[in-house]
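Protein chains in written order, with this note's numbering: chain A, 66 to 423; chain B, 223 to 581; chain C, 290 to 600. Ideal placement from N, C-alpha and C gives every residue a C-beta, glycine not left out. Model, not experiment: these values are computed from the prediction.
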């Protein structure tokens with residue numbers, strides 16, 4: 066009996082349970098398989114996988130400081146993930162996240178450094194706005210090229226990443242440089258004026274920002290008319306055009322929003338942990354943000370736990386080299402294996418039962 | 223919008239709820255601050271790139287490991303930390319009770335002092351004298367421009383074509399100091415020389431392909447001595463030189479002056495004229511002592527005088543007169559009769575180079 | 290300063306450095322023609338680069354090393370093709386995973402094998418046509434004095450152009466990407482064509498990666514391709530998936546990168562960061578000038594689910 070005929074003949078309680086648990090089980094299965102494959106690689110190269118995984122879990126999840134660091138790491142990933150998601154739901158690929166993060170961060174850092182007399186609310190507001198605008202401006206040209214002339218945004222956004230890296234470096238070494246320091250960076254925002262920490266923990270207010278953004282995007286995509294239109298365009302541009310939707314304007318909005326969110330991710334980093342923008346800094350959230358969106362199966366609700374998971378991996382890559390003599394490159398390998406397993410473990414019946422494209 | 227909310231939407235909130243539970247657990251009691259021991263027992267070093275890149279990172283690591291062995295101190299290495307926020311790493315080290323953390327990159331100049339202030343764990347930073355704080359922050363200044371000056375003198379005397387190239391993989395302060403020092407040394411013995419200054423790219427420390435390409439170009443432009451600062455990218459430069467020199471008589475080969483480490487024994491050392499060596503052992507030893515004695519929190523300047531920087535023994539192919547001239551110059555710098563400018567920022571470098579070798 | 294020598298060196302370097310990019314871009318173009326969007330080229334190139342380097346070091350023969358790199362790429366390509374067709378895997382996710390796995394894996398393996406050593410390949414490849422075109426200033430030596438693999442690469446590119454444009458096989462590959470149902474209707478197999486295209490693409494990317502470590506540089510270190518895989522994707526799209534157009538695109542890109550160096554040598558007082566932007570802005574401008582309304586194969590990126598649409 067094929068799953069499709071199952072659905073048509075007996076939709077019932079068992080079906081609904083299967084339906085709900087399915088994607089979660091699938092994700093867990095993929096995770097287990099990825100751990101298994103990576104474990105084999107570890108064994109083949111003389112490492113102890115049990116010990117390593119144990120250390121990883123202990124350091125990231127089983128101690129409060131580790132969990133806090135994981136959350137801190139997850140915050141910009143979540144925001145960048147929202148940026149990718151917004152574009153992806155409209156059927157577009159914003160590969161320019163890296164560049165938008167850089168210009169957003171630089172703008173926030175510069176504006177923030179100008180406003181250190183104004184107190185925290187003023188500084189935060191203007192710095193965040195600066196980051197958002199910078200990110201949107203940075204994606205504007207690729208966005209316009211795409212909507213007006215159909216020039217593929219994958220290529221243009223990639224190119225703008227490289228340009229952003231050079232441009233921000235130039236600006237930070239030149240007009241925006243802190244002259245009192247030797248290594249090029251913007252004047253630091255004093256620690257008292259950055260995102261404060263929540264209570265006694267290491268988690269900072271950026272968490273609130275990230276969750277607010279997540280909520281806003283969720284409401285927009287799932288509950289608003291413009292969000293619905295955006296998703297419609299993503300599902301089928303042709304049908305949307307037939308329905309007289311202003312496709313070009315919607316695509317433009319999606320990309321601009323995407324760029325703005327990415328810029329905010331950069332702003333978050335500057336206002337929380339870095340406090341300054343440095344010429345050689347490039348966190349390269351883009352790749353992780355895409356991985357994040359795929360692990361969450363482009364579902365905005367799943368974005369939060371997925372961000373935490375990737376945050377744990379990122380933090381693991383920071384501390385595991387010491388703990389288990391596993392270089393950071395191993396974690397990149399693990400992420401890659403995980404994604405590949407995810408890509409393959411596509412439980413097709415789910416897609417057809419739900420009637421969605423996965 | 224449909225009035226009928228699909229079931230799976232609500233259930234998907236379960237992972238979100240789970241996440242919030244984790245968050246709640248995370249906001250637990252903070253870890254206790256570690257009490258400071260009187261004697262230093264463990265030191266950690268954080269470097270942005272790989273400890274095997276035969277450059278900046280490796281030298282710091284190897285030197286600290288050597289000092290650790292000699293003083294009987296445990297040494298922990300965190301490599302490939304990049305320029306992202308390293309606070310998690312620093313916190314992790316603090317949690318494990320390290321007595322001192324060496325932040326081996328000028329890019330850590332802000333984050334490490336802030337960490338020291340907030341956690342109480344002493345740190346060592348690079349090139350940031352303004353951040354020193356008693357018992358918390360010490361600073362190492364690499365006055366490599368002095369040794370680079372000697373390299374410039376060496377190049378100026380050894381070049382037969384009159385064209386010398388400086389190829390850099392970026393413009394961080396460490397490279398900049400050396401570029402200016404080199405240029406001034408070159409100018410002092412050979413003011414008519416042509417100096418080609420090439421920046422491979424922005425933070426191109428591991429960009430060997432472009433390093434090779436750029437080096438080939440300056441060789442074509444007539445340079446017969448290349449002063450290369452690259453870390454991993456240096457191998458690209460060296461390969462360009464090795465390839466060019468194949469089948470050439472000894473008088474026509476292009477020579478390389480390296481920085482930081484000593485490649486003379488390896489494949490890469492075939493055409494090595496010399497190297498501006500960084501030796502942190504003296505610095506690290508003294509800083510540990512200061513921490514033990516309670517006088518920690520000052521600037522340590524690596525210089526020709528304390529042998530924190532020095533020129534690697536010059537290749538045998540060089541003219542003996544050149545070698546003695548270099549030795550005399552070294553003595554003059556140490557006794558103060560020659561002063562070398564300390565320029566760390568990129569704009570300053572371009573300005574100074576324009577002054578010395580106008581194009 | 291010998292201006293002619295500098296120009297020759299810049300042009301020669303542009304040709305050399307564009308070769309790996311060219312091979313990878315043509316590979317990606319063929320893959321996309323068949324409907325497979327492979328974002329994992331960077332990973333494939335890195336793995337093949339390491340394999341080729343290791344084999345050359347062990348055997349002493351660059352030819353063997355290059356073959357090894359190509360074989361590694363072939364394997365990766367077949368796996369990708371099978372997973373994307375029969376495995377119904379999401380191509381974008383699979384590609385991204387390949388990039389991460391290939392990058393992390395090659396760096397990890399390199400460390401495991403060589404530790405802190407950095408071995409260098411001593412002898413470069415031979416230059417079969419050296420000196421033949423010396424009478425033609427700048428262009429002559431730049432073109433004729435290249436290592437033999439560069440010419441092999443050009444032959445492969447022209448061969449690919451011929452196959453894709455003029456043979457039945459090429460027609461079927463294009464059909465697999467343009468109208469898969471149509472292909473099945475006339476008795477072809479979309480799966481077989483896509484896997485074949487992926488295999489070819491993987492081999493070419495593998496050769497590209499091998500070219501970087503064995504021919505261009507003479508050593509391997511983690512991340513040595515420096516994003517060439519992603520640039521290849523961009524150039525494949527810029528060249529509208531046509532091998533010959535891609536050749537010109539990669540060459541132009543290489544020249545623009547050389548312009549950066551040339552201007553610095555000439556002492557032009559422009560900030561190096563600004564010069565570094567030029568090649569990338571160049572691609573964007575080229576896209577605006579030549580790339581408007583480029584149509585990619587209709588079935589690109591979509592898994593083929595059979596005539597009936599569901600099973």
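Compute the distance between the beta-carbons of residue 472 (chain C) and residue 310 (chain C), then report whether it is under 8 angstroms. no
Would residue 574 (chain B) count as contacting chain C if we go by Cβ distances under 8 angstroms? No, no contact with chain C.
Reduced DSSP secondary structure (H/G/I, E/B, other) of residue 505 (chain C): Note: residue 505 (chain C) maps to helix in three-state DSSP.
Near-chain C residues of the region 430-444 of chain B - C-beta to any C-beta below 8 angstroms: 430, 431, 432, 434, 435, 436, 438, 439, 440, 441, 442, 443, 444
Pull up the distance between the alpha-carbon of residue 443 (chain C) and that of residue 332 (chain C), whole angstroms please. 23 angstroms
Between residue 359 (chain A) and chain C, is the shortest Cβ-Cβ distance under 8 angstroms, so that the two count as touching? yes
Own chain residues within Cβ distance below 7 angstroms of residue 509 (chain C), not counting five before or after: 338, 339, 342, 399, 502
Cβ closer than 8 angstroms: which chain A residues qualify as neighbours of residue 311 (chain B)? 383, 384
Are the CB atoms of residue 411 (chain B) and residue 326 (chain B) nearer to each other than 8 angstroms? no
Looking at residue 368 (chain C): is its Cβ nearer than 8 angstroms to the Cβ of residue 404 (chain A)? no
By alpha-carbon positions, which one of C:554, C:299, C:451, C:306 ends up nearest to residue 513 (chain C)? C:306
Complete runs of the alpha helix (DSSP H) confined to the region 310-391 of chain C [at least 4 residues]: With a minimum length of 4 residues, the continuous alpha helix (DSSP H) runs that stay inside the region 310-391 of chain C are 330-348, 351-374.
Which residue comes first and which comes last in the alpha helix (DSSP H) that contains residue 396 (chain A)? 393-409
Under the three-state DSSP convention, the category residue 357 (chain B) falls into: coil
Where the region 316-328 of chain B meets chain A: residues whose CB sits under 9 angstroms from a CB there: 317, 318, 327, 328
Have a look at B:475, B:474, B:497 and flag the residue whose alpha-carbon is nearest the alpha-carbon of residue 484 (chain B). B:497
Are residue 254 (chain A) and residue 340 (chain A) close, meaning C-beta to C-beta below 8 angstroms? Taking C-beta atoms as the reference points, residue 254 (chain A) and residue 340 (chain A) count as a pair closer than 8 angstroms.
Cross-chain neighbours of residue 508 (chain C) in chain B, by beta carbon under 8 angstroms: Result: 430, 457, 461.
Determine, for residue 100 (chain A), whether the minimum Cβ-Cβ distance to residues of chain C falls below 8 angstroms. Not one beta carbon of chain C lies nearer than 8 angstroms to the beta carbon of residue 100 (chain A).
Please decide whether residue 499 (chain C) counts as near chain B, where near means a Cβ-Cβ distance under 8 angstroms. Not flagged as an interface residue toward chain B: residue 499 (chain C), since no C-beta distance is shorter than 8 angstroms.
Within the continuous alpha helix (DSSP H) that includes residue 113 (chain A), where are the two ends? Taken as a continuous stretch (DSSP letters only), residue 113 (chain A) belongs to no alpha helix (DSSP H), as it is neither H nor E.
Evaluate residue 422 (chain B) with the Cβ neighbour count: other Cβ atoms within 10 Å of its Cβ, from every protein chain shown; 16 or more gives buried, anything less gives exposed. buried
Starting from residue 413 (chain B), find everything on chain A with Cβ-Cβ shorter than 7 angstroms and list it in chain order. Those do not exist, as residue 413 (chain B) stays about 28 angstroms from chain A at its closest Cβ, beyond 7 angstroms.
What do you get for residue 329 (chain A), buried or exposed, if any count of 16 or more other CB atoms within 10 angstroms of its CB means buried? So residue 329 (chain A) counts as buried.
Does the beta-carbon of residue 495 (chain B) have 16 or more other beta-carbons within 10 angstroms, so that it is buried, or is it exposed? With a 10 Å radius around the Cβ and a threshold of 16 neighbouring Cβ atoms, residue 495 (chain B) comes out buried.
Between A:180, A:283, A:128, A:276, which lies nearest to residue 13 (chain A) when the distance is taken from Cα to Cα? Because chain A is modelled from 66 through 423, residue 13 (chain A) falls outside the range shown and cannot be assessed.
According to DSSP, is residue 554 (chain C) part of a helix, a strand, or is it coil? helix
If you follow the alpha helix (DSSP H) that residue 481 (chain C) is in, where does it begin and where does it stop? That run of the alpha helix (DSSP H) goes 479-499.
Is it buried or exposed for residue 343 (chain B), if we count other Cβ within 10 angstroms and need 16 for buried? Label assigned to residue 343 (chain B): buried.
In its own chain, which residues sit with a C-beta less than 6 angstroms from the C-beta of residue 281 (chain B), not counting the 5 before and 5 after it? 482, 483, 500
Name the chain A residues whose beta carbon is nearer than 8 angstroms to that of residue 262 (chain C)? Because chain C spans 290 through 600 in this model, residue 262 (chain C) falls outside it and cannot be assessed.
Please confirm whether residue 335 (chain B) and residue 297 (chain B) have their CB atoms less than 8 angstroms apart. no
Host alpha helix (DSSP H) of residue 151 (chain A) (start-end): 129-154
Evaluate residue 230 (chain A) with the Cβ neighbour count: other Cβ atoms within 10 Å of its Cβ, from every protein chain shown; 16 or more gives buried, anything less gives exposed. buried
So the candidates are A:217, A:243, A:193, A:351; which of them puts its Cα closest to the Cα of residue 343 (chain A)? Taking only the C-alpha atoms, the option nearest residue 343 (chain A) is A:243.
If contact means a Cβ-Cβ distance below 9 angstroms, which residues of the region 395-411 of chain C contact chain A? 395, 396, 397, 398, 399, 400, 401
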